[in-house]
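In my numbering, the protein residues as written are 668 to 863.
Where a beta carbon is used, it is the ideal one built from N, C-alpha and C, also for glycine.
Take a look at the structure below.
Right, dumping it as structure tokens:
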């Protein structure tokens with residue numbers, strides 16, 4: 668018996684709903700959206716206790732991890748054209764940039780219990796109506812730095828360490844992401860994926 672079926676039974680919902688796992692997800696999203704948008708607790712939220720909400724959040728993160736996150740290499744590469752555009756625009760501004768979150772262990776359906784402190788948490792990454800700003804600074808002597816801001820708060824560039832990761836040298840950012848900057852060959856990449 669799946670944990671979702673047990674959860675449904677514990678919620679005393681009709682047997683019809685027990686067989687439709689997407690109904691639990693729908694109820695959870697109705698609760699979450701109402702809270703996120705209107706800052707009110709929807710009646711749908713009464714169906715879930717805190718642990719249920721954590722499990723549902725993990726299910727969503729698991730789906731997004733494999734669908735749009737770091738689960739498949741192609742997901743990272745799909746943003747290559749946008750990535751090039753961002754760097755081209757910043758290069759043009761100073762003859763000059765970029766952004767991700769990665770866990771040490773991939774998310775799977777079997778490691779929920781060990782992933783409670785995961786970095787890949789979509790509800791924390793880009794909340795509704797989020798904005799990402801990349802600021803290019805000329806610090807003199809040809810030293811250019813880039814500062815990423817998410818919802819007006821400083822964030823660090825993934826993959827860059829140390830106290831300068833929140834405003835690294837532009838050259839260091841380009842070096843870190845050089846694999847993406849060297850080219851986007853969607854035809855080869857997609858054909859390769861179909862053969863696997």
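Report task. Could you pull out every residue in the same chain whose Cβ sits closer than 6 Å to the Cβ of residue 750, ignoring the five residues on either side in sequence? Result -> 847
Requested in this report: Use the C-beta contact count for residue 736: other C-beta atoms within 10 angstroms, 16 or more gives buried, fewer gives exposed.
Outcome: buried
Report task. Return the CA-CA distance between residue 839 and residue 728, expressed in angstroms with no decimal places. Result -> 30 Å
**Report entry** Heavy atom of the ligand ADP within 7 Å of residue 709 beta-carbon
**Finding:** Among the components modelled here there is no ligand, and therefore nothing to report on the ligand ADP.
Requested in this report: For residue 626, write down the residues that DSSP places opposite it in a beta bridge.
Outcome: Nothing in the structure corresponds to residue 626, since the chain is present only between 668 and 863.
**Report entry** Option nearest residue 799 by Cα separation, candidates 782, 812, 818
**Finding:** 818
Query - Contacting residues, own chain, Cβ-Cβ under 8 Å from residue 711 (five flanking each side not counted) - result: 694, 695, 697, 698, 701
Query - 4 or more residues per run - each alpha helix (DSSP H) lying fully within the region 702 to 744 - result: 717 to 734, 740 to 744
Report task. Answer with yes or no whether the minimum CB distance from residue 733 to chain B is below 8 Å. Result -> Among the chains in the structure shown there is no chain B, since it carries only a single protein chain.
Query raised in the report: Does DSSP classify residue 842 as helix, strand or coil?
Result: helix
Requested in this report: Pick helix, strand or coil for residue 836, following the three-state DSSP scheme.
Outcome: strand
Query raised in the report: Among 816, 741, 842, which has the Cα closest to the Cα of residue 827?
Result: 842
Requested in this report: Just mark residue 813 as buried or exposed, buried being the case when its beta carbon has 16 or more other beta carbons within 10 Å.
Outcome: buried
Query raised in the report: Going along the chain, which residues of its own chain have a beta-carbon closer than 8 Å to the beta-carbon of residue 806, five neighbours each way excluded?
Result: 812
**Report entry** Close-in-space but distant-in-sequence residues of the same chain around residue 733 (CB under 7 Å, 5 per side omitted)
**Finding:** 739
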